[in-house]
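Residue 8 is where the sequence shown starts when you use our numbering, and the numbers rise one by one after that.
Even glycine gets a Cβ: it sits at the ideal position worked out from N, Cα and C.
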Amino acid sequence: MKIAFYRTLIASSVYLLVNIIKDKKIFTKVNHNSEIIFSGFLLALHFALWISAFEHTTVAGVVIPLLIQPIIIGLFSWLFFKESISKKSFISLAVISFGILLMNLWDFRITSSIGFGDLLSTVGTIVLCFYFLFAKKLGKKIGTLRFNFYTYSIASMFLLAFSLIKKLPIKVMMILSLKELFFYILLAVICSFLGYTFINLSFKHLKAISVSVGLLGEPLLGMLWAGIFLGEKLTVPQFFGLVITTTGILIYFKSKSKIM
């Protein structure tokens, strides 16, 4: 929870600075207040669940569920934004869904802790997909940088509240070493500020499902770095889940290449 709190708090400060430089009307009244607050809550819930998953499972177990993003975003974009989805896209989404479900259920049967971590990550990913849908809708209306500033600020408040509810010691939350601060700044600036800004900007120019499929490089690279730097290996369910979901991704891109 501490990692999630400082990641969103520092990121919101960066967004504030950039917004002030770019547009001094950052504090002017905006519409859609309830949707912005709910988006911030979704972002906080995503980070709380997703980062907590690392306590129970491997890096692979945390990042593989990110492959489910196209399923949720694609279906809800079809329902709410009337974006078209081809039959082959539906097939690829079904394959990816099956791979994630297989990994979760199989890991639970082997070790409940790993399975619970997989589940936390999966639910956190679904929550993130809902956040991206609001980002697509509201980013066009109030601007991507303003939307990110509002939602990250609200998310940090919710995460602080979550920490108090969990009765985490205030001393633990507030005292930071220089090493911790350095890594929190990296997370906030590189992963949150740059990463989420580019993602939300992409929603302005591309279909939501195309953006979500493009994000699938994150879990693949995450597993690669975990193997190189942490020496982590995939569990058998994670391996089969990865193979099946990667097959679904290839089906999707193959269908897209034929259209182009």
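{"Query": "Residue from 118, 163, 204, 107 whose Cα sits closest to the Cα of residue 132", "Result": "107"}
{"Query": "Euclidean distance between Cα positions of residue 253 and residue 100", "Result": "11 Å"}
{"Query": "For residue 91, the first and last residue of its enclosing alpha helix (DSSP H)", "Result": "From DSSP, residue 91 is part of no alpha helix (DSSP H); its letter is neither H nor E."}
{"Query": "Buried versus exposed call for residue 53 [16 or more other C-beta atoms within 10 Å across all chains shown]", "Result": "buried"}
{"Query": "Straight-line gap, residue 203 to residue 164 (C-alpha atoms, nearest Å)", "Result": "19 Å"}
{"Query": "CA nearest to the CA of residue 226, picked from 112, 117, 256", "Result": "256"}
{"Query": "Assigned exposure category for residue 209 - 16 Cβ within 10 Å defines buried", "Result": "buried"}
{"Query": "Spatially closest choice to residue 139 from 73, 8, 207, 259, by CA coordinates", "Result": "207"}
{"Query": "Range covered by the alpha helix (DSSP H) that runs through residue 163", "Result": "151–172"}
{"Query": "CB contact flag (residue 239, residue 65, <8 Å)", "Result": "yes"}
{"Query": "Rounded straight-line distance, which links the Cα of residue 74 to that of residue 190", "Result": "26 Å"}
{"Query": "Residue interval of the alpha helix (DSSP H) (run including residue 212)", "Result": "204–212"}
{"Query": "Exposure of residue 243, with buried meaning 16 or more beta-carbon neighbours within 10 Å", "Result": "exposed"}
{"Query": "Given residue 127 as reference, the closest of 71, 152, 23, 182 once Cα atoms are compared", "Result": "71"}
{"Query": "Proximity to residue 19 [Cα-Cα], best of 38, 41, 50, 36", "Result": "50"}
{"Query": "Three-way DSSP call (helix, strand, coil) for residue 181 in this model", "Result": "helix"}
{"Query": "Closest by C-alpha distance to residue 162, when choosing among 28, 148, 46, 110", "Result": "46"}
{"Query": "Closer than 8 Å to chain C by CB, residue 107", "Result": "This model lacks chain C altogether; it includes just one protein chain."}
{"Query": "Extent of the continuous alpha helix (DSSP H) run through residue 50", "Result": "40–60"}
{"Query": "Helix, strand or coil at residue 176 according to DSSP, with G and I counted as helix", "Result": "coil"}
{"Query": "Residue 250 versus residue 105 - alpha carbon distance", "Result": "11 Å"}
{"Query": "Helix, strand or coil at residue 118 [DSSP, three-state]", "Result": "coil"}
{"Query": "Contacts around residue 144, its chain only, beta-carbon distance under 6 Å, and the 5 residues preceding and following it disregarded", "Result": "none"}
{"Query": "Cα-Cα separation, residue 116 to residue 78", "Result": "25 Å"}
{"Query": "Residue burial classification, residue 56 (beta-carbon count within 10 angstroms, cutoff 16)", "Result": "buried"}
{"Query": "Enclosing alpha helix (DSSP H) for residue 68 [first to last residue]", "Result": "66–70"}
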